[in-house]
Amino acid sequence: MDRTLRLVWIYPDLLSTYGDRGNLLVLARRAQLRGITVEIAQVNSDQRVPADGDIYLLGGGEDLPQILAAKRLHGDGGLAAAADRGAVVFAVCAGYQIIGAEFGGVDGEPVKGLGLLDIRSGRGDLRGVGEILADVDPALGVERLTGFENHQGVTRRGPDVKPLATVLTGVGNGDGTEGAYAGHVLGTYLHGPALVRNPGLADLLLGWVTGGPLPAIDPRQEELVADLRAERLTAVQR
Amino acid sequence: MSTSSPRQRQARPSRRYRLPLRARLAATVGGAAGRASRLAGRGDGSVIGGVIGLRLQPDLLSLLAEGRQVVLVTGTNGKTTTTRLISAALGALGQQVASNAFGANMEAGLVSALARAPDATIAVLEVDEKYIPSMLAATRARVVVLLNLSRDQMDRAAEIWLLARRWRVALAAAPNCRVIANADDPLVAWAAGEAKQVTWVAAGQRWHDDSWCCPRCGSHLRRDGDDWYCRECSNRRPPVRWMLADEQVIDPAGRSRPLNLVLPGRANRSNAVMALAVAEVFGVSVSQALPAVAQVKSVAGRYTQVMRKGCAVRLLLAKNPAGWLEALDVLEPGPVLLAVNAQGPDGRDTSWLWDVDYRRLRGRTVFVTGERGVDLAVRLEADEVMFRIVGSVDEAIDLARGPSLEVIANYTAFQQIRAVLGRTA
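Listed in order, the protein sequences are those of chains A and B. Number 1463 marks the last residue of the first sequence (my numbering); no jumps. Number 775 marks the last residue of the second sequence (my numbering); no jumps.
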């Protein structure tokens, strides 16, 4: 990639409950280790969403901020325009629900989402809290997902999206699948710093931007993350 | 329920004998179990006794609290320390004060604290954030202290806005209770907003990342120095009666005086000002309370300095991003050991590590340990902090080869290190 990679973190004032900054840091690090220059924009809810980003990130949030964020993003229009021209969108937890067609409000009433993914979310009976393992759609070529989920959402997919993964341990969408993707828009219930333990998923997003194979990273720079992945995969399988 | 007048209280020899027979038995049996637990080395015995007592008499807390002036202390960070500082401040009254000084802050811990001190007319009790509504109802507290609210153990705690809403409802329904609330924390201010009697304290807020939005309407809050206000509704920081201004406390008369605490850091100065505001409710002046507050030097092992193999090891407890921010603020120069676990009491989710900014540790000697040390290592690597993973506090001391070692650990990691260093820590 011969130009700067522009990462846009959408509304950290509303959508950043638990370690969501991790996704930004992981993407920036993995790009920089490959010699790519990175520019980061943190866009608060009282600012305009820039139209020229390469990867847009949305994090988790409580009910009120989630509803407000959806309303502001509708009014702003920048994220939808960016997605239309093929920019990458990566959304976790509440952010995942927002980029769908509809999600549940404070008392379960339907709230209109951005419709970037053909999914509808509501509130389930039980809160899914704990480690999650899921096998990614083989078409994406990403290793098994490991993460932590903490949500009460149930998500139904429409015909225009594919599930991101099949759940081995945990709740995910609630029907045995986890997350969803269509084109360069991808959402998951793995909350917070989901990309930390899943560098393959981070590289998938980076590859979508560069449009070609990514250069390898010095294996010494990958050792700790590999250790962490191995530790968490073993701990959950036990 | 009516409260007894001071005269009635004096006429009765001991509170314990005023309890109904079954409650008296419950308190006694519970106390014996607590002693047995302590003797068996299973902890400080402050929970098991209460658990047994409550099984025999479910409304034991209410019975034990009757006729006492109860202060409840809650918030995400600083509960144990502030409880200790308030107890110290109220020492000027010359009366016995009941307190759960070791952090057992759910119903059983409160029961044990009261049962252990049957004659204490004042009780200062720290309470887990979730239990404020039920503990307020059971104890009919005279004072509730609200310190701060921020993200903490999200895998088992409620979302903090929901928590604040429960406080708000409970406090609105307790007109006789005086709330001492931190006006600088918008979520706390909203939680206390419908209480009938509030003493607002400008106690400061170092961690802003959980209060960018108006708790009332959800909009982006404006901040102007210490002031905050919402542009879309009428919510704003209330006028304060007490203020922390750097190293000074400014009292309701506008007099400022230095705190000069032995305890380090801005967070503890904030806790101390909250304690002085509580003391005022009991008629204890700043000049009476402050000397005792200033002298508190370690609280349930926090800030304790221990000599180990010629190295002065200082222990700092930090359980969540706001706590880590405060702990990093008070680090002395020299090597640092960071320890992280993810057992039940710590929260099983380590995502919060990514909310802490570790960049200020760049260039220092940093050791990493704990059951989730690899999570922490990956986090430090992303912040370009050099570190070394060690198996124990002793290994860090050996490698540090210096006169001192600063230790920051989360809850169970802290307890494990205390156990290694000896219970004196």
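We put the CB at the ideal spot given by N, CA and C, even for glycine.
Distance between aspartate 707 (chain B) and arginine 1231 (chain A) (C-alpha atoms, nearest Å): 22 Å
Going by DSSP, what residue range makes up the alpha helix (DSSP H) through glutamine 1322 (chain A)? Going by DSSP, glutamine 1322 (chain A) is part of the alpha helix (DSSP H) stretching over 1319–1323.
Within a Cβ cutoff of 7 Å, which residues of the same chain sit near methionine 456 (chain B), ignoring the five residues on either side of it in sequence? Asp478 and Tyr481
Cβ shell of arginine 1264 (chain A) (< 8 Å), same chain only, five flanking positions each side left out: The identity of residue 1264 (chain A) in the sequence shown is glutamate, whereas the question assumes arginine. Closer than 8 Å at Cβ, skipping near neighbours: Thr1229, Leu1230, Arg1231 and Leu1232.
Proline 363 (chain B) classed as buried or exposed, judged by whether at least 16 other C-beta atoms fall within 10 angstroms: Confidence is the limiting factor: at proline 363 (chain B) the pLDDT is only 47, short of 50, which leaves the residue's position unreliable, though a coordinate-based value still follows. In the assembly as shown, proline 363 (chain B) is an exposed residue. Its beta-carbon has fewer than 16 other beta-carbons within 10 Å.
Taking Cβ positions, are alanine 1312 (chain A) and glycine 1353 (chain A) nearer each other than 9 Å? no
Run through the DSSP bridge pairs and tell me what lysine 669 (chain B) is partnered with. Lysine 669 (chain B) is not bridged to any residue.
Straight-line Cα distance separating leucine 1430 (chain A) from arginine 1297 (chain A): 25 Å
With DSSP as the reference, identify every bridge partner of glycine 1329 (chain A), one or two as the case may be. A:Pro1335
Name the chain A residues whose beta carbon is nearer than 7 Å to that of leucine 537 (chain B)? The contact set of leucine 537 (chain B) on chain A, defined by CB atoms closer than 7 Å, is empty, because the minimum CB distance reaches about 11 Å.
Which chain B residues are close to leucine 1242 (chain A), counting only those with a beta carbon under 8 Å from its beta carbon? Here residue 1242 (chain A) turns out to be threonine, not leucine, going by the sequence shown. Ordered by position in chain B, the residues that pass the 8 Å Cβ test against threonine 1242 (chain A) are Arg501, Met504 and Glu509.
Below 7 Å on C-beta distance, what does arginine 1246 (chain A) contact in chain B? Trp704 and Asp705
Neighbour flag for valine 1450 (chain A) against chain B, beta carbons, 9 Å: True, the Cβ-Cβ gap to chain B drops below 9 Å.
Which residues in chain A sit within 9 Å of cysteine 583 (chain B), going by Cβ to Cβ distance? Neighbours of cysteine 583 (chain B) on chain A: none; closest Cβ ~12 Å, over 9 Å.
Check the DSSP bridge columns for valine 1268 (chain A) and list the partner residues they point to. A:Ile1235
Interface residues of chain A facing serine 606 (chain B) [CB-CB closer than 8 Å]: Neighbours of serine 606 (chain B) on chain A: none; closest Cβ ~34 Å, over 8 Å.
Distance CB(valine 656 (chain B))-CB(valine 663 (chain B)) smaller than 9 Å: yes
If we ignore side chains and look at the alpha-carbon of each, how far apart do alanine 1451 (chain A) and isoleucine 1280 (chain A) end up? 24 Å
Assigned exposure category for leucine 413 (chain B) - 16 Cβ within 10 Å defines buried: buried
Neighbour flag for histidine 1299 (chain A) against chain B, beta carbons, 9 Å: no
Would you check if the stretch 751–763 of chain B and the stretch 686–706 of chain B touch, i.e. whether three or more CB-CB distances between them fall below 8 Å? yes
Who are the neighbours of glutamate 731 (chain B) on chain A, taking C-beta pairs under 9 Å? Arg1254, Gln1446, Leu1449 and Val1450
Looking only at C-alpha atoms, which of B:Arg586, B:Val538 and B:Glu676 sits nearest to arginine 518 (chain B)? B:Val538
Under 7 Å between beta-carbons, which chain B residues line up against proline 1335 (chain A)? List them in chain order, please. Here the premise fails: no neighbours, minimum Cβ distance about 18 Å.
Is the CB of threonine 1459 (chain A) under 9 Å away from at least one CB in chain B? no
Which residues of chain B have a Cβ atom closer than 8 Å to the Cβ of aspartate 1309 (chain A), listed in chain order? None at all; the shortest Cβ gap to chain B is about 26 Å.
Looking only at its own chain, which residues have a Cβ that is under 7 Å from the Cβ of leucine 1239 (chain A), when we skip the five neighbours before and after it? Correct list, in chain order: Ser1270, Gly1286, Pro1290, Leu1293 and Ala1294.
Can you tell me the Cβ-Cβ gap for valine 1274 (chain A) and leucine 1252 (chain A), rounded? I've got them flagged as a contact below 8 Å. That belief does not hold up - the Cβ atoms of valine 1274 (chain A) and leucine 1252 (chain A) are roughly 18 Å apart, past 8 Å.
Note down the Cα distance separating arginine 528 (chain B) from threonine 700 (chain B), rounded to an integer number of angstroms. 37 Å
Which residues in chain A sit within 7 Å of alanine 727 (chain B), going by Cβ to Cβ distance? Ordered by position in chain A, the residues that pass the 7 Å Cβ test against alanine 727 (chain B) are Leu1449.
With distances taken Cα to Cα, identify the nearest neighbour of alanine 1441 (chain A) among A:Ala1256, A:Ile1235 and A:Pro1237. Each of A:Ala1256, A:Ile1235 and A:Pro1237 was checked against the Cα of alanine 1441 (chain A), and the nearest Cα belongs to A:Ala1256.
Taking only beta-carbon positions, decide if isoleucine 1292 (chain A) is within less than 9 Å of chain B. yes
Identify every run of the beta strand (DSSP E) within the stretch 1368–1454 of chain A, keeping only runs that are complete inside it and at least 3 residues long; order them along the chain. 1370–1382, 1387–1394, 1402–1407 and 1410–1413
Kindly identify the DSSP beta-bridge partner or partners of glycine 1347 (chain A). A:Val1379
Between which residues of its own chain and threonine 471 (chain B) is the CB-CB distance below 8 Å, once the five residues before and five after are set aside? Arg359, Gly417, Arg418, Gln419, Gln445 and Gln446
Classify glutamine 1446 (chain A) as buried or exposed, calling it buried when 16 or more other Cβ atoms lie within 10 Å of its own Cβ. exposed
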